[in-house]
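J.: If you're matching positions, the sequence shown starts at 1036 in this note's numbering and goes up one per residue. Provided herewith is a single structure, encoded as structure tokens, for subsequent inquiry.
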Amino acid sequence: MGKGAQQHALVDANGATRTKANKCTPAKGSAPAASSEREVAVAPTVCAACGKEGSSRCSRCRVWYCSQECQRGHWSIHKDDCKRIAKIGGWETCHADGSAKRAASEVMSARGCDEGFCGICGGSAATSRIVHSGCACSSGAHLACLSRCAREYQQKSGKVIGWHRCLVCDQPHAPDVALALAKCQWRGSISLPDKCWDKMRSLSVLANALTSAGQLDDALRVHRADVALCQQHFPEDRDALQEATHNLAQVYGLKGDHVKAIHLEETLLTQITLERGSDHPRTLRRALCLATARARAGDPRSELGLLKRSYARALRALGAAHPVTVDLAHARANALLAVNGDDSKALGLKLFAEVLLEDALMHANKATAPEIESDLENVRAWLAPRRVAASRVFAPMRLLPPQR
């Protein structure tokens, strides 16, 4: 090391400073005091030297390292950045700032337009490129204006819908636009205390945006941080913790780790059943999520059985018009349509799926109706050349109980 250089001590992930087998002197006041709470890490936790999973952090700038040997070997490269990163606010803040700028630049390049006017502030594209967010609105807007409107709507209503949906036409933003807005929101919220609700909401929005954009590795890390933040600072909010755990299970399923996904969904279903009962809408919603996880794992028989029981409970307890009942009917119909074959059994399943889709479409809302209608058209197209054969097979059967 050169004259005046000072290598800073490694700090374990839980905040304890390493003192053995390390002769490096920590900076004064730079090492945090030991704490029983594990630090929530949102930025990548790989070693800055070798790329392996990090277990300790530089006590000054909070960059990750896997060992003291890696830190010593990397110091000649890292010493110029250490002070700069620490001045910005540490590794988490530095990563959030750089990630937000990169995402905004990518959206500007892909969707920016140098002509037109912002549909929010009325400004022209001369000040900043107009971005078309992928919603149904004909006019675009400045990315900064979209972020400002979403933030103001969240402050007024407490809802985060403006970060991933257009507040005018209520259509979702394109995944890359939603991700850029989520990273912008997280950059503004990272300095908030961990016990602040807005920080937890920002973390959830960022995690869901990463999942929608297909960045599953980053989404998995951020969802884990979201669950850890809820467990540490909001243990009394069972709904928030259960929702964060469900989102984590979804990412595990998308990544192909079906064992973990199913285990988390089964745990959630058990917890909510004990808390609210088997006929509560949240319980039935969790049953639908568990069925989806089993379907991804390639277990259609278990999925069909769970959907059959849950749909019967929903009809009895909630009624056919309840959104949960509609979603269960749609999911059960899709599960029936996934059964392969062209025999009489498969034909009967497709006919029953058609009935389920017709009933779901009757009570569906604007958001779910187009998808249900598309599935109904597909099953009718499949059944069209087979209806004559179906009438010959099923007409002699007594489909209704005899009248007394």
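We treat Cβ as the ideally placed atom computed from N, Cα and C, and that holds for glycine. Please read all numbers here as calculations on a predicted model, not as lab measurements.
Please tell me whether V1195 and L1181 are closer than 9 Å, where the distance is taken between their beta carbons.
T.: As a position in the sequence shown, residue 1195 is number 160, starting the count at 1. As a position in the sequence shown, residue 1181 is number 146, starting the count at 1. No, the Cβ-Cβ distance between V1195 and L1181 is not below 9 Å.
J.: Select from G1197, H1199, C1204 the residue whose C-alpha is nearest the C-alpha of S1173.
T.: Taking the first residue of the sequence shown as 1, we reach residue 1173 at position 138. When each option's Cα is compared against that of S1173, the closest is C1204.
J.: At which residues does the beta strand (DSSP E) containing R1092 begin and terminate?
T.: Mapped onto the sequence shown, residue 1092 falls at position 57. It spans 1091-1093 - the beta strand (DSSP E) in which R1092 sits, taken as one unbroken run.
J.: Are the beta-carbon atoms of A1254 and A1263 separated by less than 9 Å?
T.: One-based indexing of the sequence shown puts residue 1254 at position 219. One-based indexing of the sequence shown puts residue 1263 at position 228. No. Outside cutoff.
J.: Name the two residues that bound the continuous alpha helix (DSSP H) containing P1316.
T.: Position 281 of the sequence shown, counted from the start, is the residue given in the question as residue 1316. Note, P1316: alpha helix (DSSP H), 1316-1331.
J.: How about R1097 and G1125: do their beta carbons lie closer than 9 Å?
T.: Position 62 of the sequence shown, counted from the first residue, corresponds to residue 1097. Position 90 of the sequence shown, counted from the first residue, corresponds to residue 1125. Result yes, Cβ atoms of R1097 and G1125 sit closer than 9 Å.
J.: Going by the beta-carbon positions, is the gap between A1284 and A1215 smaller than 9 Å?
T.: Position 249 of the sequence shown holds residue 1284. Position 180 of the sequence shown holds residue 1215. Result no, Cβ atoms of A1284 and A1215 do not sit closer than 9 Å.
J.: With distances taken from CA atoms, which of A1171, A1185, S1163 is nearest H1177?
T.: By 1-based counting over the sequence shown, the position of residue 1177 is 142. Among A1171, A1185, S1163, the Cα nearest to that of H1177 belongs to S1163.
J.: Using DSSP with H/G/I as helix, E/B as strand and the rest coil, what is P1207?
T.: On the sequence shown, position 172 is the one that residue 1207 refers to. If DSSP states are grouped into helix, strand and coil, P1207 belongs with the strands.
J.: What residue range is occupied by the uninterrupted alpha helix (DSSP H) comprising C1105?
T.: If you number the sequence shown from 1, residue 1105 lands on position 70. It spans 1103-1123 - the alpha helix (DSSP H) in which C1105 sits, taken as one unbroken run.
J.: Measuring CA to CA, which of D1334, A1395, L1396, R1367 is closest to L1384?
T.: By 1-based counting over the sequence shown, the position of residue 1384 is 349. Closest option to L1384, Cα to Cα, is R1367.
J.: Count Cβ pairs between the region 1321-1331 and the region 1301-1310 that sit closer than 8 Å; are there 3 or more?
T.: These segments touch.
J.: In chain order, what residues of the same chain have a beta carbon less than 8 Å from the beta carbon of A1179, not counting five sequence neighbours either side?
T.: Here residue 1179 refers to the residue found at position 144 when the sequence shown is read from its first residue. Only S1163 meet the Cβ criterion.
J.: Return the bridge partner residues of F1474 from the DSSP annotation.
T.: One cannot answer for residue 1474 here, as it falls past the ends of the chain, which runs 1036 to 1439.
J.: Out of N1369, R1422, M1397, S1379, point me to the one whose CA is closest to D997's CA.
T.: Nothing in the structure corresponds to residue 997, since the chain is present only between 1036 and 1439.
J.: Reducing DSSP to helix, strand and coil, say where V1374 ends up.
T.: Here residue 1374 refers to the residue found at position 339 of the sequence shown. Correct three-state label for V1374: coil.
J.: Going by the beta-carbon positions, is the gap between L1245 and A1217 smaller than 9 Å?
T.: The residue given as residue 1245 occupies position 210 in the sequence shown. The residue given as residue 1217 occupies position 182 in the sequence shown. Yes; because the gap between Cβ atoms is below 9 Å, this pair is in contact.
J.: Going by the DSSP bridge assignment, what does A1176 pair with across the sheet?
T.: Counting from 1 along the sequence shown, the entry for residue 1176 is found at position 141. Looking at the DSSP assignment, A1176 forms a beta bridge with V1166.
J.: Going by CA-CA distance only, name the one from D1292, G1089, I1225 that's closest to G1333.
T.: For the purposes of this step, residue 1333 is taken as residue 298 along the sequence shown, with counting starting at 1. Closest option to G1333, Cα to Cα, is D1292.
J.: DSSP state of R1097, grouped into three classes?
T.: Here the question's residue 1097 lines up with position 62 in the sequence shown. Coil at R1097, not helix or strand.
J.: From what residue to what residue does the alpha helix (DSSP H) around I1297 run?
T.: The count along the sequence shown starts at 1 and reaches residue 1297 at position 262. 1293-1311 is the span of the alpha helix (DSSP H), which, as asked, contains I1297.
J.: For the 8 Å Cβ check, are there 3 or more pairs between the region 1350-1360 and the region 1392-1406?
T.: They touch, by the three-pair rule.
J.: Give the secondary structure of V1423 by DSSP, where H, G and I count as helix, E and B as strand, and everything else as coil.
T.: Taking the first residue of the sequence shown as 1, we reach residue 1423 at position 388. Helix at V1423.
J.: By alpha-carbon positions, which one of K1343, A1349, W1417, E1389 ends up nearest to G1376?
T.: Translated into the one-based positions of the sequence shown, residue 1376 becomes position 341. Comparing Cα-Cα distances from G1376 to each of K1343, A1349, W1417, E1389, the minimum goes to W1417.
J.: Look up E1187 in the DSSP assignment and say whether it is helix, strand or coil.
T.: One-based indexing of the sequence shown puts residue 1187 at position 152. E1187: helix per DSSP, three-state reduction.
J.: Near R1146, which residues of its chain fall below 6 Å by C-beta distance, leaving aside the five closest residues on each side in sequence?
T.: One-based indexing of the sequence shown puts residue 1146 at position 111. Closer than 6 Å at the Cβ level, and outside the excluded window around R1146, lie V1166, H1167.
J.: Go ahead and pull the three-state DSSP assignment for V1257.
T.: Taking the sequence shown and counting its residues from 1, the one referred to as residue 1257 is at position 222. Looking at V1257 - three-state DSSP - the assignment turns out to be helix.
J.: Output the distance between the C-alpha atoms of C1059 and I1225, rounded to the nearest integer angstrom.
T.: Here residue 1059 refers to the residue found at position 24 of the sequence shown. Here residue 1225 refers to the residue found at position 190 of the sequence shown. Unreliable positioning characterises C1059 in this predicted model, as indicated by a pLDDT of 34, which lies under 50. The coordinate reading is nonetheless provided below. Distance between the alpha carbons of C1059 and I1225 is about 30 Å.
J.: What residue range does the alpha helix (DSSP H) around E1278 cover?
T.: Position 243 of the sequence shown, counted from the start, is the residue given in the question as residue 1278. Start and end: 1273-1290.
J.: Classify G1086 as helix, strand or coil using the three-state DSSP reduction.
T.: Position 51 of the sequence shown holds residue 1086. Of the three classes helix, strand and coil, the one that applies to G1086 here is coil, per DSSP.
J.: Flag this pair as yes or no: are the beta carbons of C1148 and A1135 separated by less than 9 Å?
T.: Numbered from its first residue, the sequence shown carries residue 1148 at position 113. Numbered from its first residue, the sequence shown carries residue 1135 at position 100. Against a cut-off of 9 Å, the Cβ pair of A1135 and C1148 comes out as no contact.
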